[in-house]
Structure formats: structure tokens, C-alpha cells
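Structure record follows, encoded as C-alpha cells.
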Amino acid sequence: NNGLNPNQNQVLCLIKSCPEPQGISIQELKQRLSGMSMTIIRDVVDFLSNEGHIFSTIDEDHFRSTDQE
Amino acid sequence: SSNLTAEQQRKIEENRQRALARRAERLAQGT
Numbered sequence: 004n005n006g007l008n009p010n011q012n013q014v015l016c017l018i019k020s021c022p023e024p025q026g027i028s029i030q031e032l033k034q035r036l037s038g039m040s041m042t043i044i045r046d047v048v049d050f051l052s053n054e055g056h057i058f059s060t061i062d063e064d065h066f067r068s069t070d071q072e
Numbered sequence: 019s020s021n022l023t024a025e026q027q028r029k030i031e032e033n034r035q036r037a038l039a040r041r042a043e044r045l046a047q048g049t
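Protein sequence lines correspond, in order, to chains A and B.
Sequential numbering from 4 applies to the first sequence in my numbering.
Sequential numbering from 19 applies to the second sequence in my numbering.
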């Protein structure tokens with residue numbers, strides 16, 4: 004247990020799995036997480052950013068995990 | 019695959035370092 008809820012874990016897992024140097028876009032997250040609303044995805048992304056799990060890259064809509072190289 | 023400019027790479031690394039510092043801070047706070 005890493006202290007994250009299921010939604011947070013799902014989003015973080017997808018972000019970690021993206022090999023692109025600019026990371027994954029919020030639109031792509033929405034496409035992959037069809038059951039999750041954009042509002043929830045943005046809330047989760049904000050939370051993960053505040054906790055330092057992820058960071059924005061080329062703009063405010065692309066994210067990478069701090070866990071990957 | 020994508021080609022990022024040197025400026026984009028610099029910005030990404032800067033944001034990554036900031037996030038790593040924030041993560042360390044949160045872990046120290048025990049959250």
C-alpha cells in the first residue's frame with residue numbers, strides 16, 4: 004500500500020508506463036481511463052503533482068513520473 | 019518518438035528536480 008487511492012494509483016500507473024520524454028497528455032489519460040471523468044482526472048493529477056509523484060513537462064497538459072528516468 | 023528542443027529538455031529537467039524535492043519534503047512530513 005503506497006497510500007494512494009485506486010483512482011490515484013490508476014493514473015500514476017498510466018503516467019509511469021509512458022516512455023515518451025514529454026510524458027503523457029491529459030487527453031490521452033482521458034482516452035485510456037474511459038470510466039473516469041475529466042474532473043476527477045484533473046483532481047488526481049493535481050494531487051499527484053502536489054505530492055511530487057509527477058510533474059508537468061512541455062506544457063501544463065503533459066506529465067511524467069518522478070519514478071522513471 | 020519525439021524531438022524535444024534543448025529548451026524543452028531543460029524545462030523538463032527543472033520541473034523534475036522541483037518535483038523530486040517536493041516528494042522528499044512530503045515523505046519527510048510523513049504523508
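Where is the CB? At the ideal position from N, CA and C, for every residue including glycine.
Taking the alpha-carbon of Arg40/B as reference, which of Gly55/A, Phe66/A, Asp62/A and Ser68/A has the nearest alpha-carbon? Gly55/A
Quick check on this structure: which residue in Thr60/A, Asp62/A and Leu51/A has the alpha carbon closest to the alpha carbon of Pro73/A? A question about residue 73/A goes unanswered here, because the residues of chain A that appear run from 4 up to 72.
Shorter than 8 angstroms from the beta carbon of Ile29/A to some beta carbon of chain B? no
Is Ala46/B close to chain A? Criterion is C-beta to C-beta, closer than 8 angstroms. no
Hey, does Arg28/B have any beta-carbon neighbour from chain A nearer than 8 angstroms? no
Rounded to whole angstroms, what's the CA-CA distance from Gly6/A to Ala42/B? Just pull it up for me. 15 angstroms
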